[in-house]
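Note sheet for the following structure.
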Amino acid sequence: MTIIPIRALEELYKNIHGKLKNKFFDNYEIHNYETLNSTMDIVKKNILKREKLNHIIMTDFQEKGHGRFERKWYSSRKENLLVSIPIVLKKELSPYVPIILSLSIFQTIKSFVDDCDLKIKWPNDILLNSKKISGMIIENTIEENYVFINFGVGINVNSNLDDLSGKGFVATSLFIEQNKKFDLNQIIYLLLINISKNLKYNKEIYINWKSNLYLPKKK
Numbered sequence: 006m007t008i009i010p011i012r013a014l015e016e017l018y019k020n021i022h023g024k025l026k027n028k029f030f031d032n033y034e035i036h037n038y039e040t041l042n043s044t045m046d047i048v049k050k051n052i053l054k055r056e057k058l059n060h061i062i063m064t065d066f067q068e069k070g071h072g073r074f075e076r077k078w079y080s081s082r083k084e085n086l087l088v089s090i091p092i093v094l095k096k097e098l099s100p101y102v103p104i105i106l107s108l109s110i111f112q113t114i115k116s117f118v119d120d121c122d123l124k125i126k127w128p129n130d131i132l133l134n135s136k137k138i139s140g141m142i143i144e145n146t147i148e149e150n151y152v153f154i155n156f157g158v159g160i161n162v163n164s165n166l167d168d169l170s171g172k173g174f175v176a177t178s179l180f181i182e183q184n185k186k187f188d189l190n191q192i193i194y195l196l197l198i199n200i201s202k203n204l205k206y207n208k209e210i211y212i213n214w215k216s217n218l219y220l221p222k223k224k
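Under this note's numbering, the letters of the sequence shown match residues 6 to 224, in that order.
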């Protein structure tokens with residue numbers, strides 16, 4: 006397991022993407038495992054114990070990764086972003102969390118693709134050229150004035166066509182669409198920048214989210 010302080014990532018990538026927008030993730034660190042059953046499981050235990058709430062759990066490979074309704078999430082080893090992020094917010098912000106987080110994923114992917122059709126498919130997917138590139142899952146625990154969020158996200162980054170074929174749904178990756186490999190640490194850093202920025206929720210963020218929604222042609 007490798008531990009990476011978020012401030013170390015900031016030093017590495019600040020000349021490319023800038024610094025974190027506020028101090029929300031200042032004391033966070035990434036705990037990157039070679040193999041886990043699920044990143045969500047560790048964050049869930051930490052939230053239950055109210056400890057290690059600054060530990061972002063990332064892995065090279067998930068044996069039991071899943072999305073909503075326990076749907077299996079497929080990913081080849083060391084190819085994609087598989088991460089769960091604990092986030093503690095004031096309770097009044099909890100209704101807007103799905104908007105904040107899905108928009109943050111959208112903005113992160115958008116930074117790495119050129120002239121592509123990128124959409125947010127409510128409630129938990131991101132589509133690139135009508136193919137699934139990312140999925141998220143949010144588990145909330147509300148206690149008094151705070152909401153404890155277990156935010157799990159998978160982004161297909163460096164998977165090839167063989168990795169994603171035969172899974173029962175049409176998927177793509179940044180590598181497939183852009184024909185180049187990407188740095189996973191750079192992507193998680195940019196995702197944290199976007200989350201920290203969007204946590205200052207306002208009407209403009211909502212309008213941005215709504216304008217990028219996938220709307221099926223049929224009713």
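Every residue, glycine too, gets a C-beta built ideally from N, C-alpha and C.
Residue i - partner residues in DSSP beta bridges
{"i": "Ile-105", "result": "For Ile-105, which the question treats as bridged, DSSP gives no partner whatsoever."}
Between the CA atoms of residue j and residue i - distance to the nearest angstrom
{"i": "Pro-185", "j": "Lys-57", "result": "Here residue 185 turns out to be Lys, not Pro, going by the sequence shown. C-alpha separation (whole angstroms): 35 Å."}
{"i": "Asn-82", "j": "Ile-61", "result": "Per the sequence presented here, residue 82 reads as Arg, with Asn not at that position. Going from the Cα of Arg-82 to the Cα of Ile-61 covers about 19 Å."}
{"i": "Leu-193", "j": "Pro-103", "result": "Strictly speaking, residue 193 in this sequence is Ile, with Leu absent from that position. Their backbone Cα atoms lie some 18 Å apart in a straight line."}
{"i": "Ala-176", "j": "Lys-136", "result": "5 Å"}
{"i": "Tyr-101", "j": "Ile-114", "result": "20 Å"}
{"i": "Val-158", "j": "Ser-109", "result": "11 Å"}
{"i": "Thr-7", "j": "Leu-87", "result": "15 Å"}
Assigned secondary structure, residue i (DSSP; H/G/I helix, E/B strand, else coil)
{"i": "Glu-97", "result": "helix"}
{"i": "Thr-44", "result": "helix"}
{"i": "Glu-39", "result": "coil"}
{"i": "Thr-64", "result": "strand"}
{"i": "Leu-195", "result": "helix"}
{"i": "Leu-133", "result": "strand"}
{"i": "Asn-51", "result": "helix"}
Run of the alpha helix (DSSP H) containing residue i, from where it starts to where it stops
{"i": "Phe-156", "result": "Counting along the chain, Phe-156 falls outside any alpha helix (DSSP H), though it belongs to the beta strand (DSSP E) covering 151 to 160."}
{"i": "Leu-179", "result": "179 to 183"}
{"i": "Asp-119", "result": "From DSSP, Asp-119 is part of no alpha helix (DSSP H); its letter is neither H nor E."}
{"i": "Leu-166", "result": "166 to 169"}
Residue i, enclosing beta strand (DSSP E) - first and last residue
{"i": "Lys-205", "result": "Where Lys-205 is concerned, there is no enclosing beta strand (DSSP E), given that its DSSP letter is neither H nor E."}
{"i": "Lys-124", "result": "123 to 126"}
{"i": "Pro-10", "result": "7 to 10"}
Residue-chain proximity (residue i, chain D), Cβ-Cβ < 8 Å
{"i": "Ile-160", "result": "This model lacks chain D altogether, as it is built from one protein chain only."}
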